[in-house]
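full-length UniProt numbering puts the first residue of the sequence shown at 1, with every later residue one more than the last.
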Amino acid sequence: MTYNINDKGYYGEFGGAYIPEMLYPNVEELRQNYLKIMAEPSFKEEFDQLLKDYVGRPSPLYFAKRLSEKYNTKIYLKREDLNHTGAHKVNNTIGQILMAQRLGKTRIIAETGAGQHGVATATVCALMGMECIVYMGEIDIARQAPNVARMKMLGAKVVPATSGSKTLKDATNEAIRDWINNPVDTHYIIGSVVGPHPYPDMVARFQAVVSEEIKWQLKEKEGTEKPDYVIACVGGGSNAAGAYYHYLEDTDVKLIAVEAAGKGVHSGESAATSVLGKEGIIHGSKTLLMQTKDGQITEPYSISAGLDYPGVGPMHAHLYKTGRAEFVAITDDEAMSSGLELSALEGIIPAIETSHSLAVFEQKTFKPDDIVIVNLSGRGDKDLQNYIDYFKL
1 MTYNINDKGY YGEFGGAYIP EMLYPNVEEL RQNYLKIMAE PSFKEEFDQL
51 LKDYVGRPSP LYFAKRLSEK YNTKIYLKRE DLNHTGAHKV NNTIGQILMA
101 QRLGKTRIIA ETGAGQHGVA TATVCALMGM ECIVYMGEID IARQAPNVAR
151 MKMLGAKVVP ATSGSKTLKD ATNEAIRDWI NNPVDTHYII GSVVGPHPYP
201 DMVARFQAVV SEEIKWQLKE KEGTEKPDYV IACVGGGSNA AGAYYHYLED
251 TDVKLIAVEA AGKGVHSGES AATSVLGKEG IIHGSKTLLM QTKDGQITEP
301 YSISAGLDYP GVGPMHAHLY KTGRAEFVAI TDDEAMSSGL ELSALEGIIP
351 AIETSHSLAV FEQKTFKPDD IVIVNLSGRG DKDLQNYIDY FKL
């Protein structure tokens, strides 16, 4: 059993490229070139240099002493919140903008939910002097106003998606439409491990810097490269893919994927794809997908704008189906109180997405000598209004 992608672009039975004919040349051009470009010494050098000097990597692996005492286990936080722009998303956008340049593209489009990927895309477009258009659901524009302002300051054009649920899935639909209409000069920077092959693999490889660092950082701190558990939240799943990447084939390391249960897994207002999903095709890949009996996509819900995606990336669908990762669903209420707890115990205000991961400690008991790594995928600045409203701060 392998948990990595195969040469056809599938993780087990999930993945592939189910795309309209109009997009075939774009996707094929990327598929034929992405591994070659990533292997070029000049690409690697520029990517590593920007991660170091611009993003501020490596991000620390922090032993959370008070949190560990409370839950009687060893908890380390991988501090992706300390990256430039405040989340893991920039690891991928740096890689993809360098890819776009080498493919001769001059115009960049992206979709965003929580706005972190939009900000990360607008950031690298400003850095490289490229045109940037970000599609964002109308509802997300309202609930993530600070990120919208940041994108505009960075010179991006933010286009509202006004169809459907007016959230991430609809923003993605709009971005794909744009790409079909502008195939020659445009590169679509997808923000997660979703979409047609080679996107899930390419994004996972750019995010793999997270687990690459965890290995040597943990070796320094604990004398071993292997934690007992790696915990990460999953919407589409790019931060999880990055945190798991170098451990996928090492079954001694247990993987826990945390999804948003919203107001309860079976409340009708949830985004727990692993529990509620059936196999289907969304945004160009075969994966697990929340849908009605006749295959219409059902609207996901989460208090977190980054987790309300109706599917998961094909890598995660495969990890779920094979049992390689344990999937846990966390409600809005559980996530919010865990976010407040981390703030009070460690002086770190996490993004609400990350707060879902932290809530696992209330649900699951770990052994005192277990080494548990939580990928702290983003910081809470963008969610302050949500926290204020929720806790009446």
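All residues carry an ideal CB built from backbone N, CA and C; glycine is no exception.
Exposed unless 16 or more other CB atoms sit within 10 angstroms - verdict on residue i
{"i": "residue 367", "result": "exposed"}
{"i": "residue 111", "result": "buried"}
{"i": "residue 349", "result": "buried"}
{"i": "residue 181", "result": "exposed"}
{"i": "residue 201", "result": "buried"}
{"i": "residue 36", "result": "exposed"}
{"i": "residue 52", "result": "exposed"}
{"i": "residue 177", "result": "exposed"}
{"i": "residue 42", "result": "exposed"}
{"i": "residue 142", "result": "exposed"}
{"i": "residue 251", "result": "exposed"}
For residue i, three-class secondary structure by DSSP
{"i": "residue 359", "result": "coil"}
{"i": "residue 55", "result": "helix"}
{"i": "residue 376", "result": "strand"}
{"i": "residue 251", "result": "coil"}
{"i": "residue 268", "result": "coil"}
{"i": "residue 246", "result": "helix"}
{"i": "residue 366", "result": "coil"}
{"i": "residue 232", "result": "strand"}
{"i": "residue 171", "result": "helix"}
{"i": "residue 41", "result": "helix"}
{"i": "residue 350", "result": "strand"}
{"i": "residue 339", "result": "helix"}
{"i": "residue 87", "result": "strand"}
{"i": "residue 398", "result": "Only positions 1 to 393 of the chain appear in the structure, and residue 398 is not among them; the question remains open."}
{"i": "residue 274", "result": "helix"}
{"i": "residue 212", "result": "helix"}
{"i": "residue 187", "result": "strand"}
{"i": "residue 309", "result": "coil"}
{"i": "residue 194", "result": "coil"}
{"i": "residue 324", "result": "coil"}
{"i": "residue 76", "result": "strand"}
{"i": "residue 291", "result": "strand"}
For residue i: DSSP bridge partner residues
{"i": "residue 132", "result": "108"}
{"i": "residue 66", "result": "According to DSSP, residue 66 bridges with nothing at all."}
{"i": "residue 11", "result": "14"}
{"i": "residue 160", "result": "136"}
Pair within 7 Å by beta-carbon distance, residue i and residue j
{"i": "residue 195", "j": "residue 115", "result": "no"}
{"i": "residue 108", "j": "residue 125", "result": "yes"}
{"i": "residue 210", "j": "residue 243", "result": "yes"}
{"i": "residue 270", "j": "residue 277", "result": "no"}
{"i": "residue 394", "j": "residue 315", "result": "Given that the chain is displayed from residue 1 to residue 393, the structure contains no residue 394 and the question cannot be resolved."}
{"i": "residue 324", "j": "residue 86", "result": "no"}
{"i": "residue 338", "j": "residue 305", "result": "no"}
{"i": "residue 377", "j": "residue 239", "result": "yes"}
{"i": "residue 46", "j": "residue 103", "result": "no"}
{"i": "residue 281", "j": "residue 18", "result": "yes"}
{"i": "residue 311", "j": "residue 197", "result": "no"}
{"i": "residue 26", "j": "residue 183", "result": "yes"}
{"i": "residue 332", "j": "residue 303", "result": "yes"}
{"i": "residue 259", "j": "residue 241", "result": "no"}
{"i": "residue 329", "j": "residue 288", "result": "no"}
{"i": "residue 76", "j": "residue 361", "result": "no"}
{"i": "residue 345", "j": "residue 67", "result": "yes"}
Beta carbon proximity, residue i to chain D, threshold 7 Å
{"i": "residue 103", "result": "Here chain D cannot be found, since the structure has a single protein chain."}
Cutoff 6 Å; reference residue i; Cβ partners in own chain excluding five residues on either side
{"i": "residue 122", "result": "132, 151, 154 and 156"}
{"i": "residue 166", "result": "137, 138 and 139"}
{"i": "residue 206", "result": "91, 92 and 95"}
{"i": "residue 219", "result": "225"}
{"i": "residue 79", "result": "59, 60, 62 and 376"}
{"i": "residue 355", "result": "335, 338 and 339"}
{"i": "residue 320", "result": "274 and 327"}
Same chain, Cβ closer than 7 Å to residue i, neighbours up to 5 away in sequence not counted
{"i": "residue 82", "result": "56, 59 and 60"}
{"i": "residue 38", "result": "205"}
{"i": "residue 175", "result": "109, 110, 111, 135 and 188"}
{"i": "residue 185", "result": "105, 106 and 107"}
{"i": "residue 390", "result": "336"}
Own chain residues within Cβ distance below 8 Å of residue i, not counting five before or after
{"i": "residue 229", "result": "253, 254, 255, 256, 366, 370, 371, 372 and 373"}
{"i": "residue 3", "result": "11, 248, 249, 315, 318, 319, 322 and 324"}
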